[in-house]
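Residue numbers (our numbering): 156 to 361.
Just so it is clear, CB atoms sit at the ideal spot from N, CA and C, and this is done for glycine as well.
Input: a single structure, listed below in structure tokens.
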């Protein structure tokens, strides 16, 4: 059975954000950096890993599987396009726990064929983060995905707020990922604490 992940899962683009959110109480953070030189990427990942280890938190490295292996990361997240260029044998040999993004059944089938540690589903609601070719999944899809993936943690992402995160957890998600609602808040640390209060408290059964 897969290890339980914290239900509050902010996605950030720098070690500086990792420092801030770990300080606010985050225990599970994804570092997703785009378009930086390799050495700068490595430095950011190394610093973020050190921050999380010192705080007893978990860092998930997005995309950069080679650096993740080199730096001893325990968790890696790959999108469907990332899978195309990844050395999955090397990732498995390094015993990194792999998370995979999914948006439809074909992508879920592909993800499950890799025996991932956890699966992400999105966007649950419309998101302003990036243009998505997929329609919002909705809450019912969460329950469907959870039945299909079994004991693996299910991550819901896309357009979430603390209130929507609780709905996702009630629908069967184990983890709720967030970008803009925390990073774009006037007080990101306070917003993170609101998320923690909403997601770590007992969720009423549907």
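Residue burial classification, residue i (beta-carbon count within 10 angstroms, cutoff 16)
| i | result |
| --- | --- |
| residue 193 | exposed |
| residue 123 | Residue 123 lies beyond the residue range present for the chain, which begins at 156 and ends at 361; the question has no answer from this structure. |
| residue 326 | buried |
| residue 244 | exposed |
| residue 165 | buried |
| residue 341 | exposed |
| residue 281 | exposed |
| residue 329 | buried |
| residue 236 | exposed |
| residue 103 | Absent from the model: residue 103. The displayed extent of the chain is 156 to 361, so no value can be given. |
Close beta carbons around residue i, own chain, < 8 Å, minus the five adjacent residues each side
| i | result |
| --- | --- |
| residue 213 | 160, 161, 182, 183, 184, 207, 229 and 230 |
First through last residue of the beta strand (DSSP E) which encompasses residue i
| i | result |
| --- | --- |
| residue 292 | No beta strand (DSSP E) holds residue 292; DSSP gives it neither H nor E. |
| residue 332 | 330-333 |
| residue 175 | Note, residue 175: premise wrong, no beta strand (DSSP E); alpha helix (DSSP H) at 170-178. |
| residue 186 | 183-186 |
| residue 205 | Careful: residue 205 lies outside any beta strand (DSSP E), inside the alpha helix (DSSP H) at 193-210. |
| residue 165 | 163-167 |
Residue span of the alpha helix (DSSP H) that contains residue i, given as start and end
| i | result |
| --- | --- |
| residue 224 | 220-225 |
| residue 322 | 317-326 |
| residue 269 | Neither: residue 269 is in no alpha helix (DSSP H) and is coded neither H nor E. |
Cβ shell of residue i (< 7 Å), same chain only, five flanking positions each side left out
| i | result |
| --- | --- |
| residue 324 | 162, 331, 354 and 358 |
| residue 168 | 187 and 188 |
| residue 175 | 343 and 344 |
| residue 241 | 220 and 233 |
Secondary structure of residue i, DSSP reduced to three states
| i | result |
| --- | --- |
| residue 343 | helix |
| residue 311 | strand |
| residue 249 | coil |
| residue 241 | coil |
| residue 277 | coil |
| residue 254 | strand |
| residue 282 | coil |
| residue 231 | strand |
| residue 214 | strand |
| residue 305 | coil |
| residue 259 | coil |
Alpha carbon of residue i to alpha carbon of residue j, nearest angstrom
| i | j | result |
| --- | --- | --- |
| residue 178 | residue 348 | 10 Å |
| residue 196 | residue 188 | 7 Å |
| residue 249 | residue 269 | 15 Å |
| residue 361 | residue 226 | Bear in mind that the predicted position of residue 361 carries a pLDDT of just 41, short of 50, making it too unreliable to give a figure here. |
| residue 292 | residue 266 | 17 Å |
| residue 254 | residue 232 | 5 Å |
| residue 171 | residue 219 | 18 Å |
| residue 297 | residue 234 | 18 Å |
Residues near residue i by beta carbon distance below 6 Å, same chain, minus five either side
| i | result |
| --- | --- |
| residue 304 | 274 |
| residue 277 | 312 and 313 |
| residue 367 | Nothing in the structure corresponds to residue 367, since the chain is present only between 156 and 361. |
| residue 333 | 165 and 315 |
| residue 156 | Below a pLDDT of 50, predicted positions are generally treated as unreliable, and residue 156, at 41, falls in that range; the measurement from the model is reported next regardless. Within the same chain, residue 156 has close Cβ partners 306. |
| residue 180 | 351 |
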